[in-house]
Amino acid sequence: MQKIEERAREALKKKATYGEDIELEKFVRQAEPVSYANLDPEEQKRLRQTGFDLSKQEHSGAFFQSDCSVVHCQSTYKGLEVLPVTEAIQDPEKIKDYWWRAVSVDTDKYTAVSELDLDNGYFIRALPGEKVIYPVQACLYIRKEKFAQHLHNIIIAEEGSELHIITGCTISPHLVSGLHIGVSEFYIKKGAKLTFTMIHNWGEDVYVRPRTGVIVEEDGVFISNYISLRPVRSLQAYPSAILAGRGAIARFNSILVAPPGSELDIGAKVILKAPGTKAEIISRAISGGGKIISRGLLVGEVPGIKAHLECKGLILSEKGIIRAIPELEGQTAGVDMSHEAAVGKIAQEEIEYLMARGLSEEEATSTIVRGFLNVQIDGLPAELQAEIDAAVKESEKALI
Amino acid sequence: MLEVKDLWVEVEGREILKGVNLKIEQGETHILFGKNGSGKTTLLLTLMGFSRYKIINGAIIFKGQDVTAFSPHERAKLGMGISFQRPPTLHGVRLRDMLTICGNGSGRGEILATQYNFAEFLDREVNRGFSGGEIKKSELLQLLAQDPDLVLLDEPESGVDVENLNVIGQMIKELLQKKLKRHRQKAGLIISHTGFILNYLEADKGHILLDGKIHCQGNPREIFEEIQRHGYEECARCRR
Numbered sequence: 001m002q003k004i005e006e007r008a009r010e011a012l013k014k015k016a017t018y019g020e021d022i023e024l025e026k027f028v029r030q031a032e033p034v035s036y037a038n039l040d041p042e043e044q045k046r047l048r049q050t051g052f053d054l055s056k057q058e059h060s061g062a063f064f065q066s067d068c069s070v071v072h073c074q075s076t077y078k079g080l081e082v083l084p085v086t087e088a089i090q091d092p093e094k095i096k097d098y099w100w101r102a103v104s105v106d107t108d109k110y111t112a113v114s115e116l117d118l119d120n121g122y123f124i125r126a127l128p129g130e131k132v133i134y135p136v137q138a139c140l141y142i143r144k145e146k147f148a149q150h151l152h153n154i155i156i157a158e159e160g161s162e163l164h165i166i167t168g169c170t171i172s173p174h175l176v177s178g179l180h181i182g183v184s185e186f187y188i189k190k191g192a193k194l195t196f197t198m199i200h201n202w203g204e205d206v207y208v209r210p211r212t213g214v215i216v217e218e219d220g221v222f223i224s225n226y227i228s229l230r231p232v233r234s235l236q237a238y239p240s241a242i243l244a245g246r247g248a249i250a251r252f253n254s255i256l257v258a259p260p261g262s263e264l265d266i267g268a269k270v271i272l273k274a275p276g277t278k279a280e281i282i283s284r285a286i287s288g289g290g291k292i293i294s295r296g297l298l299v300g301e302v303p304g305i306k307a308h309l310e311c312k313g314l315i316l317s318e319k320g321i322i323r324a325i326p327e328l329e330g331q332t333a334g335v336d337m338s339h340e341a342a343v344g345k346i347a348q349e350e351i352e353y354l355m356a357r358g359l360s361e362e363e364a365t366s367t368i369v370r371g372f373l374n375v376q377i378d379g380l381p382a383e384l385q386a387e388i389d390a391a392v393k394e395s396e397k398a399l400i
Numbered sequence: 001m002l003e004v005k006d007l008w009v010e011v012e013g014r015e016i017l018k019g020v021n022l023k024i025e026q027g028e029t030h031i032l033f034g035k036n037g038s039g040k041t042t043l044l045l046t047l048m049g050f051s052r053y054k055i056i057n058g059a060i061i062f063k064g065q066d067v068t069a070f071s072p073h074e075r076a077k078l079g080m081g082i083s084f085q086r087p088p089t090l091h092g093v094r095l096r097d098m099l100t101i102c103g104n105g106s107g108r109g110e111i112l113a114t115q116y117n118f119a120e121f122l123d124r125e126v127n128r129g130f131s132g133g134e135i136k137k138s139e140l141l142q143l144l145a146q147d148p149d150l151v152l153l154d155e156p157e158s159g160v161d162v163e164n165l166n167v168i169g170q171m172i173k174e175l176l177q178k179k180l181k182r183h184r185q186k187a188g189l190i191i192s193h194t195g196f197i198l199n200y201l202e203a204d205k206g207h208i209l210l211d212g213k214i215h216c217q218g219n220p221r222e223i224f225e226e227i228q229r230h231g232y233e234e235c236a237r238c239r240r
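Chains as they are written, first to last, in this note's numbering: chain C, 1 to 400; chain R, 1 to 240.
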């Protein structure tokens, strides 16, 4: 622990490789606790739009953190642990193999600050062999103006387990600005399967710096669905997965929308270290006037791996910018790696095709946009897919 | 129902149609013949109002209204419908959704899809990975769901295997209410390269489009036989 703290201190001024540098001093670190019942109707609505609704959805566990305080934390399934991370770290045995093992504490100043001045975060663990069918609902909420939220999440799917998590990150509709720094470490053990769906629903002057690392062991499966459809000032994330065991699989799906004034720099990196591992990175990006940088890096270190990267961008506004940066690195013969990237506007021909079937120009455009964002994700529970569909529908209304 | 008056059309700066005149009455089916590149598809897509086709001169009158400046949407609402030869692929839009759009929210399209043995395609993305014949079937299904009064068909037989030609023929007959002997409401303009359609339905008139103009209006069978015997070269000479 001593050494981790030292490394964090040394990295406190270290700028991130990507994204604009954020002056952390401009944000506040004090906030008052709140109870779930005290949130006003508009706030409740915002949470629902972000996929967090404890009254409606069946869930195996729930976690709700507002600013620095954990408001709600519960597991309703015996094979599942859900704890505030600050509580989990009290037990060194529980945490020692998982604290800063998938993400380096000295990655940049954001990882450093979350170590040295941590608020909280969740510790979620599916016990060996447990199939946790209903998703765990989590929500990380900023409620105080200019609050900088520092989080550290640990997610463990033990051997042979199955776990679905849906996390919504959002800010109160009454706020203008905030900063979200979230470290997330995922450990998928032998034969385990984890689906992680994250819906980001920020505001026009919010800064976001997630730092995510994933380690997948033999025959483990990690599926990430990331969705950011609302305005955000600056969001930069480049999660990285290591496929360490034979037959491990990682899939990153992302659906990104950048309204005017938003800047999203988002990617995914997968390092395929064992034979028979597979990776897929698929992103759909729409610019309604903002800027999106869509990165992707696949590294094939051994023969017998298969990896594919697909990045499609649609620019709906004259001012919009989408930059796709797909990278493949094969370090040996016998790797099977490919990518496809396409950026453009909606083809007039497609709009008119739909118009000839009776749709107005607006309806036709909206049908095409919805189709573009319609990423059907294999193996996703129906309710999660419904959640994603609803979020997409919501954003489409705002775009057109 | 449709009257085209002295229609001049340009595509990307190139003049394609040079004074087309055409009249189709309610209940009539017309066949449009012509060599590759003669402007047949241009005529159909101009009638439907596609923006790529710039009208330089002339007018399109549909049901007594001048629709020359109308969008494809407005024309569709008035009762025009088209089957494309090479429609674009719509990613993420399933045929089921498309049929709902065509049927204006009714479930008619799905019933038709089952009737024409195409139900397995309902959850496929429109035109993605469809074979030539599948595209034609999907196009005609969409039109059947839409139920337009004027049906524009661009080579409905191209790419269709022999087995499916009959189905395509039946679908077109239904579109054009060929079962009705009297009081037929629907009219059609069909581009045919092979004349196959004449094996399935009676057409009222045939036209040959040549060098951007319509020549040789008459009995479609006679015209087709003439083309088979002498090719389009003879038409160019004869210019009735």
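Think of the CB as a built atom: it goes at the ideal place given N, C-alpha and C, for glycine as much as any other residue. It should be emphasised that the depicted structure is a prediction, and the values quoted were computed from it without experimental measurement.
Close to chain C, meaning a Cβ-Cβ distance shorter than 7 angstroms, are the following residues of the region 146-174 of chain R: Gln146. For Gln49(C), the number of other beta carbons within 10 angstroms of its own is at least 16, and it is reported as buried.
Closest option to Asp108(C), judged by alpha-carbon separation, among Thr365(C), Thr17(C), Val208(C): Thr17(C).
In this structure, DSSP gives His193(R) a state outside helix and strand, which the three-state scheme calls coil.
Here Phe27(C) carries a coil assignment [DSSP, helix/strand/coil].
Just measuring C-alpha positions, the residue of His73(R), Phe62(R), Gly58(R), Gly27(R) sitting nearest Glu350(C) is His73(R). With contacts defined by Cβ atoms closer than 8 angstroms, Ile223(C) and Phe186(C) do not form a contacting pair. The alpha-carbon separation between Ile55(R) and Trp8(R) amounts to approximately 6 angstroms. Look at Asp147(R) here: in three-state DSSP terms it is coil, with no helix or strand label. The bridge partners DSSP lists for Asp336(C) are Lys306(C). If you compare the alpha carbons of Cys68(C), Gly220(C), Gly288(C), Asn153(C) with that of Trp100(C), the shortest gap goes to Asn153(C). Bounds of the alpha helix (DSSP H) holding Cys102(R) are 95-102. Across the structure, Lys96(C) and Val113(C) are spaced so that their CA atoms are roughly 20 angstroms apart. The three-state reading of DSSP puts Asn57(R) in strand, counting E and B together. At a cut-off of 8 angstroms between beta carbons, Gly92(R) contacts chain C. In the DSSP assignment, Val70(C) falls outside any alpha helix (DSSP H) and within the unbroken beta strand (DSSP E) covering 69-75. Interface criterion met: the Cβ of Tyr353(C) is under 8 angstroms from a Cβ in chain R. Between the region 317-324 of chain C and the region 49-66 of chain R, the count of C-beta pairs closer than 8 angstroms stays below three; the two stretches do not touch.
Around the Cβ of Asn199(R), a 10 Å sphere holds fewer than 16 other Cβ atoms; the residue is exposed. With contacts defined as CB atoms closer than 8 angstroms, Glu218(C) and Gly261(C) fail to qualify as a contacting pair. Listed along chain C are Glu352, Met355, Ser360, Glu361, each with a C-beta nearer than 9 angstroms to that of Ser71(R). Three or more pairs of CB atoms, one per stretch, sit closer than 8 angstroms, so the region 223-241 of chain C contacts the region 268-285 of chain C. Taking the Cα of Pro210(C) as reference, the smallest distance to any Cα among Ser228(C), Val216(C), Ile368(C) is reached at Ser228(C). Only buried fits Asp67(C), as 16 or more other CB atoms lie within 10 angstroms of its CB.
Interface annotation, Ile191(R): not in contact with chain C, CB-CB separation never under 8 angstroms.
For Gly133(R), the three-state secondary structure derived from DSSP is helix.
In the same chain as Gly195(R), and ignoring 5 residues on each side of it, the C-beta atoms closer than 7 angstroms to its own belong to Phe224, in chain order. Interface flag for Ile82(R) against chain C is set, since a Cβ pair is found closer than 8 angstroms.
Taking a Cβ-Cβ cut-off of 7 angstroms, the neighbours of Phe372(C) in chain R comprise His91, Gly92, given in sequence order. In the three-state DSSP reduction, Met48(R) falls in the helix class (H, G or I). Beyond the five residues adjoining it in sequence on each side, Tyr226(C) comes within less than 6 angstroms, by CB distance, of Met198, Ser254 in the same chain, given in chain order.
Distances from the alpha-carbon of Ile190(R) to those of Ala69(R), Ile208(R), Val160(R) put Ile208(R) closest.
Using a Cβ distance threshold of 8 angstroms, Glu157(R) and Ile214(R) do not count as a contacting pair.
Secondary structure note for Thr197(C): it is in no alpha helix (DSSP H), and the uninterrupted beta strand (DSSP E) holding it is 193-201. For Gln65(R), no Cβ of chain C is located within less than 8 angstroms of the residue's own Cβ. For the alpha helix (DSSP H) assignment, the uninterrupted runs of no fewer than 4 residues enclosed by the region 147-182 of chain R are, from N- to C-terminal side, 162-175.
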